[in-house]
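Quick note: the sequence shown uses the UniProt record's numbering, first residue 1, plus one each step.
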Amino acid sequence: MACQSVTAVMDEQALLGLNPNADARYRQRAMAYFEQLKESQDAWEVCTEALAKGIYSDDHVKFFCFQVLEHQIKFRHASLSGAQQQLVRETLMKWLQCQLMNSQPEKVFIRNKAAQVFALTFVMDYPTLWPKFFFDVLSLVGLNPNGVDIYLRTLMAIDAEVVDRDILHSLEETRRNTLIKDGMREQCIPHLVESWFQILQTYQQSHPELTCQCLEVVGAYVSWIDLNLIANDQFVNLLLGQMSMEELREEACDCLLEIVNKGMDPLDKTKLVESLCRVLQSAGFFNVEQEEDVDFLAKFSRLVNGMGQNLVLSWTKLAKAGHVKDASETLQAVEAKVPLLLQLLVHEDDDISTNVVGFCYEYLHVLKQLPQLTDQQKSNVEAIMLAVMKKLKYDDEYNFENEGEDEAMFVEYRKQLKMLLDRLAQVSPELLLEAVRRFFANAMLNWQSAPFMEVEVAIRLLYMLGEALPASHGAHFSGDTTKTSALQDMMRTLVSCNVSSYQHTSVSLEFFETVVRYDKFFIVEPQHIPVVLMAFLDQRGLRNNSPKVRSRVAYLFSRFVKSLHKHMNTFIEDILTRIQDLLELAPPENGFPAQLTSDDQLFMFETAGVLIVNAESPVERKQALMRSLLLPLMDAFAMLLAKLLQEGEEERQVALADCLSHAVGFASRTSKAFSNKQTVKQCGCTEVYRDCMQTFLPALSCPIQRGVLRSSVRSFLHRMIICLEEEVLPFIPAASEHMLKDCEAKDLQEFIPLISQMTAKFKRQVSPFLQQVFMPLVLAIFEVLARPADDNDQAAALEKQMLRRSYFTFIQTVTGSGMNEVMANQGAENVERVVFTIIQGAVDIPDPIGQKTCFIILSKLVELWGGKDGMVGFPDFIYKHIVPACFLAPLKPTFDLADAQTVLTLSECAVTLKTIHLKRGPEFIQFLQQEYLPSLHVSPEISQELCQVIQQPDVKVLKNYTKAFFQRAKL
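What follows is the structure, given as structure tokens:
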């Protein structure tokens, strides 16, 4: 039944738009109406009348009315008259009265919004305008279920407004919230607590949902009210009773946890936790094995974790304060919880186990600080170790080939267990080592008959010891037979007991991960290398049925070989023969799934390269082996490129281009094997890489799938500049010509680093080529930058910005590498054109990174051409353009002196001024004082000051001065 009387005058047409299914025209009208009601002085009052009298039955209209009211309270409360503020209060109470009479409660979203509005009104009006808020609400509500529901929701909304620490409050709000809490403590908290007790007692059987709401309220408020009001026999006995009621127990657990977490004196906290524990234990809650409700146990484990962590915190405070006796008693209290902790830690449900990891970790931290462990503590440590070992195991349901959310959660859980293992190693490395050794020895002895999870975890523990144990406990292998460590013994067992044959993905992966982690073992005992190599090469590793294992092993094998190639000399050719088929380029039309992905094959080619380059064989043999490795790639490349040029179907073009790109990538990857000690030349491999270049370069002029092909060939050229030395030079002109044809911004931007790398490496050797390519490259860049682009195309704008930066970097590389002639020989007109772009980049384009590079270039040009014997006409250019650039750039509104990059640009600008002075001397000072600075209306005193600073030897002084100078100038 709704409370009804006189109809409020609301815009009925607009209200139709509140229905989610209304058309756009009505919805727009409703929004406009909402704005009108929000902003009006009193039109919103129709909403108060509608709510107070229960005029509308439509849920969306009721919600709308509350929203309008919420806006008035939140944003316009101060501008409301006293009568209007009173109207809001009366409206809420009348609406609440209606709820008491309704047989059906309102929808939850309306009740929540109403609670929000009640809470906002309370925050604005309490304690001055509505001091009796809670008394009024409670006397009206009594024990009516509908009313109690609104009351409890309101309390939670008040908590969110006033207490919630996750919400950031202004200083003003923080002060207001403190006043509210102080007022509530003084005036009404005991009454509220009494009402909670009544609700919990009255409704625990008939309305469990209300009881749960009330428990949530108690949990929220306990952090800031007097604990004695809650932590007393009457209240705690009630809560403990509810811990045994199926529908209430989880919420009761949460409520007790909030009580336990309340900040208090360490001794009081210990007493509270201990009294709670006694009652819980006597009520049978510590018999975890008998509890079948895992949802409740998840909550209970959080409570146990909270009690444990709070006791540890109390112990820490007492120990720090030197209260030896109290600290000792608190430690006993902690230790008394360890049996319960262990029951929960080993529980088969990982969520329950996870919840007590925090307490377990902190308990171990306590033990770590003790001078000596008692027998009981050692026993606890061993029990935790066994629990961790047990819980590290996979279960039967784990899907190794298709890992989903459950698997990801277990991986995270394992990380937490690893933290415990590391902490156990700090508490007692000897105990951990002995426990793992026993577990490992037993598992390896019986691996044929043991389930996979036992075998995997045994190897996993050996792997984890490397990080957990300090070096002094054998993490490093010693060649001294008198000192063989437990780790060394375990590694010997691992590689000799044939466990690598165990057919399960997890065991295979763990085996290979571990032998690679402990590669140092094989330096001490190289006799085991052949056995492990075979495991890598046969169906246990690279030929495994699982693609996941094959993929990971390809990477691990490359690491193993890199680390131990010195001990593999006698097997090199055998290994290369065995991996021959894994080094083949898979043609795109094959149709068979490849053994390895192209990414995995990259590791195989690198491994093959490492074996060939580091072999102790004659140069001719290395040359022959490298050619036999690379020739199939070249042959396949030539054939596939011819196919691509004839292919008309786009899907096939993409597949062919990918295959060509892989071929280049594989050849490129082999070159990573070379080093300063083993260069391409010393290994006799120059010719084969030159042949590769000859084969790959034609792809640059292929019009199909240009981006993919250019990118891979360009990467290959980068590698060859590093490896081939000057042998690469003859190929660069043709490559450059192809790459400068039909360029896009991205092509040029990626080509410039190649030229810059070559310039920096070969300097004068490439001067003739650079002189030749300089203007074609520069003109190609100008052409791309000049192309019109849509103002809204941000990607195109960014691409141009990056290209412009690359261009400036290129000019910087040329001017900075001592090849004055490259630019000087481009002809006066071209030089002027280029230098003007640098002036423009320094002044007109608001990009501090580009501007900084431009000033570095200008400094260099002044240094090269600005002296008495410099380029003809350049001094004139300095005064006409470079000097003005040094002042106009920092004076631009876009030149932000608060930005760190811009300040660096200003530093380079100061260096440019300094360089001009070094080259032109008093003539420059005279120009500044008599001509340029007066043209900027700089006063004679400031001009003189600046000129004096320019003449000082330390450029730092000038850098600091220019910042102050331009800050003043911009005011």
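Think of the CB as a built atom: it goes at the ideal place given N, C-alpha and C, for glycine as much as any other residue.
Keep in mind the model is a prediction, meaning the values are calculated, not measured.
What residue from L240, V117, I352 and N310 has the CA that sits closest to V294's CA? Working through the sequence shown from its first residue, we reach residue 294 at position 294. It is I352 whose Cα lies nearest to the Cα of V294.
Check whether the stretch 187-206 touches the stretch 137-148, counting contact only when three or more Cβ pairs, one atom from each stretch, lie closer than 8 Å. yes
Assumed close pair G684, E620 - CB separation to whole angstroms, cut-off 8 Å: The residue you call residue 684 lines up with position 684 of the sequence shown. The residue you call residue 620 lines up with position 620 of the sequence shown. Yes, G684 and E620 are in contact; Cβ-Cβ is about 7 Å, under 8 Å.
Within 10 Å of its beta-carbon, does L798 have 16 or more other beta-carbons around it, so buried, or fewer, so exposed? Sequence index remark: in the sequence shown, residue 798 carries index 798 (1-based). With fewer than 16 other Cβ atoms inside 10 Å of its own Cβ, L798 counts as exposed.
Could you tell me whether the stretch 97-109 touches the stretch 126-139, using the rule of 3 or more Cβ pairs below 8 Å? no
Helix, strand or coil for S244? Go by DSSP, reduced to three states. Numbered from 1 along the sequence shown, position 244 holds the residue referred to as residue 244. If DSSP states are grouped into helix, strand and coil, S244 belongs with coil.
Per-residue burial, F836 [other beta carbons within 10 Å of its own, 16 or more giving buried]: Counting from one through the sequence shown, the residue named residue 836 turns up at place 836. Counting Cβ neighbours within 10 Å, F836 comes out exposed, since fewer than 16 surround it.
By alpha-carbon positions, which one of L494, L238 and A900 ends up nearest to V507? Here the question's residue 507 lines up with position 507 in the sequence shown. Looking at the Cα atoms, L494 is the closest of the given residues.
For R414, which option in D896, V457, R540 and V366 has the closest C-alpha, if you only look at C-alpha atoms? For the purposes of this step, residue 414 is identified with residue 414 of the sequence shown, where counting begins at 1. Among D896, V457, R540 and V366, the Cα nearest to that of R414 belongs to V457.
Classify C909 as helix, strand or coil using the three-state DSSP reduction. On the sequence shown, residue 909 is found 909 positions in, with the first residue counted as 1. If DSSP states are grouped into helix, strand and coil, C909 belongs with the helices.
Taking all protein chains shown into account, decide if Q13 is buried (16 or more other Cβ within 10 angstroms of its Cβ) or exposed. Residue 13 sits at position 13 when you count from the first residue of the sequence shown. Counting C-beta atoms within 10 angstroms of its own C-beta, Q13 has fewer than 16 neighbours from the protein chains shown and is therefore classed as exposed.
So, does the stretch 611-631 touch the stretch 675-693, judging by three or more C-beta pairs under 8 Å? Short answer: they touch.
Pick helix, strand or coil for Q132, following the three-state DSSP scheme. Position 132 of the sequence shown, counted from the first residue, corresponds to residue 132. Checking the sequence shown, residue 132 turns out to be Lys, not Gln. Coil.
Euclidean distance between Cα positions of I849 and F895: Taking the sequence shown and counting its residues from 1, one reaches residue 849 at position 849. Taking the sequence shown and counting its residues from 1, one reaches residue 895 at position 895. Roughly 12 Å separates the two Cα atoms.
Tell me which residues share the same chain as A667 and place their Cβ nearer than 6 Å to its Cβ, disregarding the 5 neighbours each side in the sequence. Your numbering for residue 667 matches position 667 in the sequence shown. L630, L633 and C692.
Check whether L644 and L656 have beta carbons under 8 Å apart: What you label residue 644 is simply residue 644 of the sequence shown in a count that begins at 1. What you label residue 656 is simply residue 656 of the sequence shown in a count that begins at 1. A contact, by the Cβ cut-off of 8 Å.
Have a look at L717 and I572 and give me their C-alpha separation to the nearest angstrom. Here residue 717 corresponds to residue number 717 of the sequence shown, with the count starting at 1. Here residue 572 corresponds to residue number 572 of the sequence shown, with the count starting at 1. Approximately 28 Å between the Cα atoms of the pair.
Return the CA-CA distance between M156 and A220, expressed in angstroms with no decimal places. Start at 1 with the first residue of the sequence shown, and residue 156 comes out as number 156. Start at 1 with the first residue of the sequence shown, and residue 220 comes out as number 220. Approximately 8 Å between the Cα atoms of the pair.
Skipping 5 residues on each side, what residues in its chain have a beta carbon closer than 8 Å to that of K622? Position 622 of the sequence shown, counted from the start, is the residue given in the question as residue 622. The beta carbon of K622 sits closer than 8 Å to the beta carbons of I612, V613, A615, C683, G684 and C685 from its chain, once the five residues preceding and following it are set aside; these are given in chain order.
So the candidates are S81, Q705 and Q765; which of them puts its Cα closest to the Cα of P730? The count along the sequence shown starts at 1 and reaches residue 730 at position 730. Checked all of S81, Q705 and Q765; the closest Cα to P730 is Q765.
Sequence-distant residues of its chain with Cβ nearer than 6 Å to A910 (five each side left out): For the purposes of this step, residue 910 is taken as the residue at position 910 of the sequence shown. Closer than 6 Å at the Cβ level, and outside the excluded window around A910, lie L958, K959 and T962.
Closest to residue 991 by CA distance: which of L37, I878 and E931 is it? The question about residue 991 has no answer, for the chain in this structure spans 1 to 971.
Compute the distance between the beta-carbons of Q967 and L864, then report whether it is under 8 Å. Counted from its first residue, the sequence shown places residue 967 at position 967. Counted from its first residue, the sequence shown places residue 864 at position 864. No, the pair does not count as a contact, with Cβ atoms beyond the cut-off.
Does the count of Cβ pairs from the stretch 172-189 and the stretch 110-128 closer than 8 Å reach three? yes
The alpha helix (DSSP H) with F605 in it runs from where to where? For the purposes of this step, residue 605 is taken as residue 605 along the sequence shown, with counting starting at 1. Taken as a continuous stretch (DSSP letters only), the alpha helix (DSSP H) holding F605 covers S598 to V613.
In whole angstroms, give me the CA-to-CA distance for D226 and Y361. Here residue 226 refers to the residue found at position 226 of the sequence shown. Here residue 361 refers to the residue found at position 361 of the sequence shown. So the alpha carbons of these two residues sit roughly 31 Å apart.
Assign Q595 to one of two classes, buried (16 or more other C-beta atoms within 10 Å of its C-beta) or exposed (fewer than that). Looking up residue 595 in the sequence shown gives position 595. Answer is buried; the Cβ neighbour count reaches 16.
Return the CA-CA distance between V381 and Q372, expressed in angstroms with no decimal places. Looking up residue 381 in the sequence shown gives position 381. Looking up residue 372 in the sequence shown gives position 372. Computed Cα separation, rounded: 13 Å.
By the three-class DSSP mapping on this structure, what secondary structure does V938 have? For this step, residue 938 is matched to residue 938 along the sequence shown. Of the three classes helix, strand and coil, the one that applies to V938 here is coil, per DSSP.
Whole angstroms are fine: how far does the CA of Q801 sit from the CA of A795? Locating residue 795 in the sequence shown gives position 795, where the first residue counts as 1. Locating residue 801 in the sequence shown gives position 801, where the first residue counts as 1. Computed Cα separation, rounded: 10 Å.
Quick check on K959: does DSSP put it in helix, strand or coil? Translated into positions along the sequence shown, residue 959 becomes position 959. In the structure shown, K959 sits in a helix (DSSP, three-state: H, G or I).
Taking DSSP as the reference, what is the three-state secondary structure of T7? Along the sequence shown, one-based indexing puts residue 7 at 7. Note that T7 scores 40 on pLDDT, short of 50, meaning its location in the model is unreliable and no value can be drawn from it.
Quick one: Cα of V324 to Cα of L92, how far? As a position in the sequence shown, residue 324 is number 324, starting the count at 1. As a position in the sequence shown, residue 92 is number 92, starting the count at 1. About 57 Å.
Would you mind working out which of H191, E401, R550 and K562 sits nearest D519, comparing C-alpha positions? Residue 519 sits at position 519 when you count from the first residue of the sequence shown. Among H191, E401, R550 and K562, the Cα nearest to that of D519 is on K562.
Could you tell me which of G466, I916, V903 and L779 sits nearest to G870, measuring between CA atoms? On the sequence shown, position 870 is the one that residue 870 refers to. Ranking G466, I916, V903 and L779 by Cα distance to G870 puts I916 first.
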